[in-house]
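Comments concern the structure below.
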Amino acid sequence: MNTTLTTSVSLPAEAALLWRSKRGEIMRFGERYLRIQMRKQVQRAATRKYNRSGTNFEIVTTRFSAAEYDTLHYVASMLRVSVSSLIYGLIQLWKKPARRALRRFFSTNYDCQAVKWDPEAGLMEESLTFWRVHSPASNSAFCPNNFSRK
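If you count by this note's numbering, then the sequence shown holds residues 20 to 169, one letter each, in order.
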């Protein structure tokens, strides 16, 4: 099932322009960027961090596959950041020519299991697994983006 979800992200104006015009190309670096973010410590007892700068921000309507959306929200939740700030960081990574020259691509699998979810208790088990692929197109089941979902 290829569900497409429509949502919005808040980005600095310059980044919003790039996101609108190069979204597909930028998203090909999504797994790589998330792997970098997952080097950070999981955050608890902290409020969510959002994009903050002195520039003008724009709200950009965007579409994600359900797998992309769930994966981004999972990492954002664990780090206590907004999905918008993850997207902005991804754009910043993509803008670096040296990073774009490295042709390393990864696929992901996000999985979420409700172990117990009722008025008595809530126990969820989430996982995000990465593996290397030769190119974004080498695994056609994940094109145009490599995010997958169990």
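Positions of the beta carbon are idealized from the N, C-alpha and C atoms, including for glycine.
Can you say whether residue i is buried or exposed, counting buried as having 16 or more other CB atoms within 10 angstroms of its CB?
| i | result |
| --- | --- |
| Val61 | exposed |
| Thr148 | exposed |
| Ala34 | buried |
| Leu24 | exposed |
Alpha carbon to alpha carbon, what distance is there between residue j and residue i?
| i | j | result |
| --- | --- | --- |
| Thr74 | Glu144 | 38 Å |
| Arg58 | Gly49 | 15 Å |
| Lys115 | Ala64 | 33 Å |
| Ser96 | Thr66 | 10 Å |
| Ile45 | Ser104 | 14 Å |
Have a look at the options and flag the residue whose alpha-carbon is nearest the alpha-carbon of residue i.
| i | options | result |
| --- | --- | --- |
| Phe124 | Arg82, Tyr107 and Ile55 | Ile55 |
| Glu87 | Leu142, Ser29 and Ser126 | Ser126 |
Only counting the same chain, and skipping five residues up and downstream in sequence, which positions put a Cβ closer than 7 Å to that of residue i?
| i | result |
| --- | --- |
| Tyr93 | Tyr129, Glu145 and Leu147 |
Beta-carbon within less than 8 Å of residue i's beta-carbon, same chain only, minus the 5 sequence neighbours each way: which residues are those?
| i | result |
| --- | --- |
| Ala32 | Thr74, Asn75, Phe76 and Glu77 |
Hey, residue i and residue j are a contact pair by Cβ (cut 8 Å); roughly how many whole angstroms apart?
| i | j | result |
| --- | --- | --- |
| Thr26 | Thr90 | Not a contact, Cβ separation roughly 14 Å. |
| Val100 | Lys68 | 5 Å |
Considering only residues of the same chain and omitting the five flanking positions on each side of residue i, which have a CB-CB separation below 6 Å?
| i | result |
| --- | --- |
| Leu37 | Ile110 |
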